[in-house]
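K.L.:
Got a structure here, written out as structure tokens. Questions coming.
Protein chains: 4
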Amino acid sequence: MDCWRVLHKGGGPISFRVGRAVVGGEEPLVIAGPCSVENPDMILETAATLKQILVDRLGFSNVILRGGAWKPRTSPYSFQGHGEKALEWLREAGDKTGLPVMTEVMDPRDVGTAAEYVDAIWVGARNMQNTPLLKELAKAGKPVFLKRHFGSTINEWLCSAEYLLADGLEEVALIERGIRCINEYARFSLDITVVPVVKEVSRLPIIVDVSHPAGRRSLVPWLARAALAAGAHGIMVEVHPRPDEALSDAKQQLDFRMFETMVKELREMGLL
Amino acid sequence: MDCWRVLHKGGGPISFRVGRAVVGGEEPLVIAGPCSVENPDMILETAATLKQILVDRLGFSNVILRGGAWKPRTSPYSFQGHGEKALEWLREAGDKTGLPVMTEVMDPRDVGTAAEYVDAIWVGARNMQNTPLLKELAKAGKPVFLKRHFGSTINEWLCSAEYLLADGLEEVALIERGIRCINEYARFSLDITVVPVVKEVSRLPIIVDVSHPAGRRSLVPWLARAALAAGAHGIMVEVHPRPDEALSDAKQQLDFRMFETMVKELREMGLL
Amino acid sequence: MDCWRVLHKGGGPISFRVGRAVVGGEEPLVIAGPCSVENPDMILETAATLKQILVDRLGFSNVILRGGAWKPRTSPYSFQGHGEKALEWLREAGDKTGLPVMTEVMDPRDVGTAAEYVDAIWVGARNMQNTPLLKELAKAGKPVFLKRHFGSTINEWLCSAEYLLADGLEEVALIERGIRCINEYARFSLDITVVPVVKEVSRLPIIVDVSHPAGRRSLVPWLARAALAAGAHGIMVEVHPRPDEALSDAKQQLDFRMFETMVKELREMGLL
Amino acid sequence: MDCWRVLHKGGGPISFRVGRAVVGGEEPLVIAGPCSVENPDMILETAATLKQILVDRLGFSNVILRGGAWKPRTSPYSFQGHGEKALEWLREAGDKTGLPVMTEVMDPRDVGTAAEYVDAIWVGARNMQNTPLLKELAKAGKPVFLKRHFGSTINEWLCSAEYLLADGLEEVALIERGIRCINEYARFSLDITVVPVVKEVSRLPIIVDVSHPAGRRSLVPWLARAALAAGAHGIMVEVHPRPDEALSDAKQQLDFRMFETMVKELREMGLL
């Protein structure tokens, strides 16, 4: 592709740090946390429990805490996120537990605010080709995780990554989160060929969001296994203290017990 | 859908004016002009020629002049549009010919500027679910044409329209521009069932962009016929004085001669 | 494509006769009749009424009567068709009204039997790449209408046509019947760009099945308009004396009144 | 689904034997061999080498030898397989090595012949809804592996399996081989969510063909890992003594060295 100038400049696979976490290194990354930061208590409870499960009990510390502040909802009548307040609560949860934190930004006007609070930013699928947002993020200098749109080609996705790289940002990673295809029993299709493909054609780390393609929690652990076995540099997974009460994505968020079982099994299989 | 509150409030099909043009009325609408406003001369030449062909020669005046100022390009190294300068040139071309004008906005920070210059705004496919942009547009009060993302469902599209309606905007129309499907010989697939479907399930006018699904100009007149025959409220078509020299979409823009032949035939068939 | 040897041998667009009907000529073709030949009376009633509407009242005689004898059903518990008996009834209806008749064959062992009764044979979408069937049909020498599979590329479709041409059959036409794509409100997506595309890249007549993409009858007349306006050589449409009692495709078959209204309007628009 | 009568009759997950191999049991299955049986030597060489690698060196014996006799080729001018002769060669290779053997059948008239030679039969993607073939296979009584069409829903696939079950066949397994979706760098998309989904909604064993979605051999080992990690009951993989000389699927077949490396790693990871 003509647009992969920095992406193909050579220099080997890209790897970078987000707080203590390493993205694109030998050890896989786990990005976990609620779909949305709903209040100060739930995000602190989530952060503390994730730390207990992963760091204290399993000795695994390559973790980033995720939490949505501005939510890209299909309907204008759905919960839209708590905005800057959510970022304060997320930051505090990160500080108290030592976990690096990340959030999604949709509006170029929010990039500066977000950058004050979080250690990394992700771009949601719907904004993969929101070029004003990408340009603003490149300037902000925070590490960016770029989700693939569910209707986009791999080339389009990598060209969007190039918007970030072209403006000088070096800490860029990709997140595959499922595409729209034929599947009546899952929310999206997780084309697992994308993982080795992206590793062949680009230098960027590739993370798999295993919650959104699943759409319901029983599938999540199987997708996590497949993603890591396929060579992904990590997984992103939605975890909530009480998923059934979640203000968004209630059906696909894991509770702490399911999450712990999943990561324990991944550790035992040598995948984490 | 739970999110179609205003859309389904009743009140019959929505119809509105953009300058002298009527959107959603008995007479179909023609939105024509270059992909991008490349300089003052080419947009004025286009406006004047379109007026000659449609108004003077064919007696057809339900026309809007389109021209891109900010371009959503896949690659950061492609021409990104001339921004506000392009709007000045577009406005002047509109004023000199009496044609209402419209442009695409991608960045919520540009909505105010655009609203000063143009009579209507379209949202491109890639920004269909850019909710901060939709909210800003609802406030600006200009008529909005919302393109469907090439990977989105009809429900998601109508829910995005509802973002505009929910905040009080009444002048909203839809543009179908093709979806990503199986077709090695066209740029996108134009699912023509969408036209009668959208008329059955919503109250919004539905326009078909016949240039983007085609991807090359020989297909455009056939898609225009199909769109109008299927009951669309109008077509959007890219026209450029010298398509081969265009800075974007060179292969799919019509020259004036092809455009004139096409609209004459549409008139003769009673479709326009 | 390497496989288009006969298809691209030159010689101009292919056109042929099925009884009195001309396929691929100046005048569009109407293939109409029930999904399935359910009994002798209903097919005779359909044939006689179609003749009355089209030939007697509208003066339009480029018609073929369709009727299924072996049905390719998704479920083994659905009605599978009356087989050879249905062919007898169909033949009789054709003979009494003077309409040429066609049916679908799925099993290579049925090709000989079918060829004794009907004037043309269609291959359903699901059997587009059933190569033993295609080879048997090429030998039988009856005109063949080849439907595109809802998951196939245009190249694959034309290569399947080449199976027929390669073995010496000259009377081959294509039927587009919709592909599986994003559309929650129709049964399939009718990518109308396929019509001009196929006319550009092949020499075969292209018919559009307007019933299967619709899935429900209110959409059918709009798709018929779009198909003919896009330049199709004809339409295939399911018509049943009492659609609500039909043993298959109940929702998408037109009754005689809807069919008559549709073809009258197509005539008035100059599309038929 | 109304059509899942036998499939949902209860009785727990289905498991059966093919020669010494167990399908749907605790131990995963490896189906390996060339795309096509090209001559007696190459299939015997393949069988003997597979046995050496898997049984002798790795102590893994849950294996079936695959080899095509009738090939479903897109183009009529491509190699169509050696037919019954290939079955003789395949049988002999099986007998000499003790490996059970399987082949693909496309024509209902070939079912009887195939059943005399092989231990199991697979139905290719293109014939998933070839109902005369399915009915003939149900009568033949040999175990059947049913591939999913690349454009079919999961419901359609399971309804096709029901055609086999409804007629009394009990030894039925599913093979996912990739669907047509957005992926410019692989031949098909391997939607890995299908594996846990099919295990939730059906009682049938699910095998993943890791060669066809890949389209090129470098991706194959990664897909094999993902498939088994996602819980598949086995993998199907194309192996050829000299892939670059293969008469079909040259780019995606593994040579013996790549195959051995792959299965060794799968054993070391505990996935096989």
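Chains A, B, C and D, in that order, give the protein sequences. Using our numbering, you'd call the opening residue of the first sequence number 2 and step up by one each time. Using our numbering, you'd call the opening residue of the second sequence number 2 and step up by one each time. Using our numbering, you'd call the opening residue of the third sequence number 2 and step up by one each time. Using our numbering, you'd call the opening residue of the fourth sequence number 2 and step up by one each time. The beta carbon of each residue, even a glycine, is placed where N, CA and C say it ideally should be.
Against Met270 of chain C, what residues of chain B qualify as contacts under a CB-to-CB distance less than 9 Å, listed in chain order?
P.N.:
Along the third sequence, one-based indexing puts residue 270 of chain C at 269. Neighbours of Met270 of chain C on chain B, chain order: Ala230, Met270, Gly271 and Leu272.
K.L.:
The beta strand (DSSP E) with Asp245 of chain D in it runs from where to where?
P.N.:
For the purposes of this step, residue 245 of chain D is taken as the residue at position 244 of the fourth sequence. Note, Asp245 of chain D: premise wrong, no beta strand (DSSP E); not H, not E.
K.L.:
Just to confirm my understanding: we take Glu28 of chain D, look at its own chain, exclude 5 residues before and 5 after, and list those with CB closer than 6 Å. What are they?
P.N.:
Here the question's residue 28 of chain D lines up with position 27 in the fourth sequence. Excluding residues within five positions, the ones whose Cβ falls inside 6 Å are Asn63.
K.L.:
Answer yes or no: does any C-beta atom of chain B fall closer than 7 Å to that of Ala115 of chain C?
P.N.:
If you number the third sequence from 1, residue 115 of chain C lands on position 114. No, Ala115 of chain C lies away from the interface with chain B (no Cβ there is under 7 Å from its Cβ).
K.L.:
Given this structure, state the Cα-to-Cα distance separating Ala231 of chain C from Ala49 of chain B, to the nearest angstrom.
P.N.:
To locate residue 231 of chain C, count along the third sequence from 1; it is residue 230. To locate residue 49 of chain B, count along the second sequence from 1; it is residue 48. Straight-line Cα distance between these residues: approximately 29 Å.
K.L.:
Interface residues of chain C around Asn156 of chain B at Cβ under 7 Å?
P.N.:
Along the second sequence, one-based indexing puts residue 156 of chain B at 155. Those are Glu185, listed as they occur along chain C.
K.L.:
Consider the Cβ of Gly142 of chain D: report whether some Cβ of chain C lies at a distance smaller than 7 Å.
P.N.:
The count along the fourth sequence starts at 1 and reaches residue 142 of chain D at position 141. So no, Gly142 of chain D is outside the interface.
K.L.:
Of all the CB atoms in chain B, is at least one closer than 7 Å to the CB of Val198 of chain C?
P.N.:
Counting from one through the third sequence, the residue named residue 198 of chain C turns up at place 197. Closer than 7 Å to some Cβ of chain B, the Cβ of Val198 of chain C qualifies, so yes.
K.L.:
Determine which residues share a DSSP beta bridge with Gly69 of chain D and list them.
P.N.:
Here the question's residue 69 of chain D lines up with position 68 in the fourth sequence. For Gly69 of chain D, which the question treats as bridged, DSSP gives the partners D:Ser37.
K.L.:
Return the chain-ordered list of same chain residues with a C-beta closer than 6 Å to the C-beta of Ala94 of chain D, the five sequence neighbours on each side being excluded.
P.N.:
Here the question's residue 94 of chain D lines up with position 93 in the fourth sequence. Ile44, Leu45 and Ala48.
K.L.:
So Arg92 of chain B packs on Val102 of chain B, CB below 8 Å; how close in whole Å?
P.N.:
Mapped onto the second sequence, residue 92 of chain B falls at position 91. Mapped onto the second sequence, residue 102 of chain B falls at position 101. About 6 Å separates the two Cβ atoms, so the contact holds.
K.L.:
Which of the three DSSP states is assigned to Arg92 of chain C in this structure?
P.N.:
Along the third sequence, read from residue 1 onward, the residue named residue 92 of chain C stands at position 91. Helix, per DSSP.
K.L.:
Identify the continuous alpha helix (DSSP H) that holds Trp158 of chain C and give its terminal residues.
P.N.:
What you label residue 158 of chain C is simply residue 157 of the third sequence in a count that begins at 1. Here the alpha helix (DSSP H) through Trp158 of chain C covers Ile155 to Ala167.
K.L.:
Along the segment 247-262 of chain C, what residues have a CB closer than 8 Å to any CB found in chain B?
P.N.:
So the list is empty, because no residue satisfies the distance condition.
K.L.:
Are Asp210 of chain A and Ile155 of chain A closer than 7 Å when you measure CB to CB?
P.N.:
For the purposes of this step, residue 210 of chain A is identified with residue 209 of the first sequence, where counting begins at 1. For the purposes of this step, residue 155 of chain A is identified with residue 154 of the first sequence, where counting begins at 1. Not closer than 7 Å, so no.
K.L.:
Whose C-beta lies closer than 7 Å to the C-beta of Lys1 of chain D among residues of the same chain, with five residues either side of it excluded?
P.N.:
No statement about residue 1 of chain D is possible, as the shown extent of chain D runs from 2 to 273 and does not include it.
K.L.:
How would you call Gly11 of chain A, buried or exposed, if buried means at least 16 neighbouring beta carbons within 10 angstroms?
P.N.:
Along the first sequence, read from residue 1 onward, the residue named residue 11 of chain A stands at position 10. Gly11 of chain A comes out exposed.
K.L.:
In chain D, what lies closer than 7 Å to Arg226 of chain A by C-beta?
P.N.:
Counting from 1 along the first sequence, the entry for residue 226 of chain A is found at position 225. Near Arg226 of chain A (Cβ distances below 7 Å), the residues of chain D are Ala230 and Ala231.
K.L.:
To be precise: take each residue of the segment 27-48 of chain A, compare its Cβ to all Cβ atoms of chain D, and keep it if any distance is under 8 Å. Which residues remain?
P.N.:
Result list empty, no residue passes.
K.L.:
Starting from Arg18 of chain D, trace the alpha helix (DSSP H) in both directions and tell me its first and last residue.
P.N.:
Along the fourth sequence, read from residue 1 onward, the residue named residue 18 of chain D stands at position 17. First-last for Arg18 of chain D: Phe17 to Val19, but that is the beta strand (DSSP E), not the alpha helix (DSSP H).
K.L.:
Between which two residues does the alpha helix (DSSP H) holding Thr262 of chain B run?
P.N.:
As a working note, residue 262 of chain B is residue 261 in the second sequence. Residues Phe257 to Glu269.
K.L.:
Leaving out five residues before and five after Asp168 of chain D in sequence, what residues of the same chain have Cβ atoms less than 7 Å from its Cβ?
P.N.:
Working through the fourth sequence from its first residue, we reach residue 168 of chain D at position 167. Only Lys136, Ala139 and Lys140 meet the Cβ criterion.
K.L.:
Comparing alpha-carbon positions, which option in B:Thr98, B:Asn131 and B:Trp123 lies nearest Cys160 of chain B?
P.N.:
For the purposes of this step, residue 160 of chain B is taken as residue 159 along the second sequence, with counting starting at 1. The residue with the shortest Cα to Cα distance from Cys160 of chain B is B:Asn131.
K.L.:
Name the chain A residues that come within less than 7 Å of Cys160 of chain B, Cβ to Cβ?
P.N.:
The residue given as residue 160 of chain B occupies position 159 in the second sequence. Thr75 and Ser76, listed in chain order.
K.L.:
So is Glu157 of chain A buried or exposed if we call it buried at 16+ other beta carbons inside 10 Å?
P.N.:
Along the first sequence, one-based indexing puts residue 157 of chain A at 156. Per the 10 Å Cβ criterion, buried.
K.L.:
In the DSSP assignment, what are the bridge partners of Lys148 of chain A?
P.N.:
Walking along the first sequence from the start, residue 148 of chain A turns up at place 147. Per DSSP, A:Ile176.
K.L.:
The segment 127-151 of chain D: which residues have C-beta closer than 7 Å to a C-beta of chain C, in chain order?
P.N.:
Listed in sequence order: Arg127, Asn128, Gln130, Asn131, Thr132, Pro133, His150 and Phe151.
K.L.:
By alpha-carbon positions, which one of A:Phe189, A:Lys97, A:Asn40 and A:Asp108 ends up nearest to His241 of chain A?
P.N.:
On the first sequence, position 240 is the one that residue 241 of chain A refers to. Of A:Phe189, A:Lys97, A:Asn40 and A:Asp108, the residue nearest in Cα terms is A:Asn40.
K.L.:
For Ala141 of chain B, name the three-state secondary structure that DSSP assigns.
P.N.:
For the purposes of this step, residue 141 of chain B is identified with residue 140 of the second sequence, where counting begins at 1. Reduced to three states, the DSSP call for Ala141 of chain B is helix.
K.L.:
In chain C, what lies closer than 9 Å to Leu220 of chain B by C-beta?
P.N.:
For the purposes of this step, residue 220 of chain B is taken as residue 219 along the second sequence, with counting starting at 1. By Cβ distance, chain C contributes Thr194, Pro197, Val198 and Glu201.
K.L.:
Are the Cβ atoms of Ala174 of chain B and Pro133 of chain B separated by less than 7 Å?
P.N.:
Locating residue 174 of chain B in the second sequence gives position 173, counting from the first residue. Locating residue 133 of chain B in the second sequence gives position 132, counting from the first residue. Their beta carbons are not under 7 Å apart, which means Ala174 of chain B does not touch Pro133 of chain B by this criterion.
K.L.:
Is DSSP giving Leu55 of chain A helix, strand or coil here?
P.N.:
One-based indexing of the first sequence puts residue 55 of chain A at position 54. Note: Leu55 of chain A maps to helix in three-state DSSP.
K.L.:
Closer than 7 Å by C-beta to Lys200 of chain A: which residues in its own chain qualify, once you throw out the five before and the five after it? Chain order, please.
P.N.:
As a first step, residue 200 of chain A must be located in the first sequence, where it is residue number 199. Closer than 7 Å at Cβ, skipping near neighbours: Ile207 and Gly232.
K.L.:
Is there a C-beta anywhere in chain C that falls below 7 Å from the one on Arg181 of chain D?
P.N.:
As a first step, residue 181 of chain D must be located in the fourth sequence, where it is residue number 180. For Arg181 of chain D, the answer is yes, since a Cβ of chain C falls inside 7 Å of its Cβ.
K.L.:
Using a Cβ-Cβ distance under 7 Å, would Asp108 of chain A count as near chain B?
P.N.:
On the first sequence, residue 108 of chain A is found 107 positions in, with the first residue counted as 1. Taking Cβ atoms only, chain B reaches closer than 7 Å to Asp108 of chain A, which makes this a yes.
K.L.:
Decide if Pro14 of chain D is buried, meaning its Cβ has at least 16 other Cβ atoms within 10 Å, or exposed.
P.N.:
What you label residue 14 of chain D is simply residue 13 of the fourth sequence in a count that begins at 1. It counts as exposed.
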